[in-house]
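The block underneath contains the structure these notes are about, expressed in structure tokens.
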Amino acid sequence: MSIGSKMNNDVGEKVSDLTKSKKCDIKLAAAPSDLLSKEGFALYIGKTPRAVAEMAKAGKLPAFYMTDPLKPGGHAELWINRREWDKYAAQLVDEAPTEWHDWKNRISYSKSRHGRAA
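Residue numbers (our numbering): 41 to 158.
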């Protein structure tokens, strides 16, 4: 092994460690705020931050962009209202048809004998 390849390997490991640490930096609190960043909301619903941004652009989220008022035309950050998302999710369940709620009737505490000889 040459010194050059060892150095490249070390750099690769550092980059790999850096990438891993970036992924671990964002964690969701036990009781998250009503307003979540796109990264926090992505963790909350199990999507990627890019998917959350696309959903917001398509108008599928209770989202808005905030900028620093002292820097007009500056970088805008995407924020999503988690409480409104949760309210709508509960509303969907409440308004779901009876057929949707029938999943509850298919759950059993006993072992199924379906497909077995009695």
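Ideal placement from N, C-alpha and C gives every residue a C-beta, glycine not left out.
Predicted model only: the values in this text are computed from it and were never measured.
Beta-bridge analysis with DSSP links I120 to L76 and A103. Out of I85, P72, S73 and P89, the CA that lies nearest to the CA of E79 is found in P89. Counting along the chain, W143 sits inside no alpha helix (DSSP H), nor does DSSP assign it H or E at all.
Sixteen is the threshold: since fewer than 16 other Cβ atoms of the shown chains lie within 10 Å of the Cβ of W143, the residue is exposed. Distance check between I120 and each of E135, I85, A70 and A69 places I85 closest, using alpha-carbon atoms only.
In the structure shown, P112 adopts coil according to DSSP, grouped into three states. The continuous alpha helix (DSSP H) containing E94 extends over residues P89 to K97.
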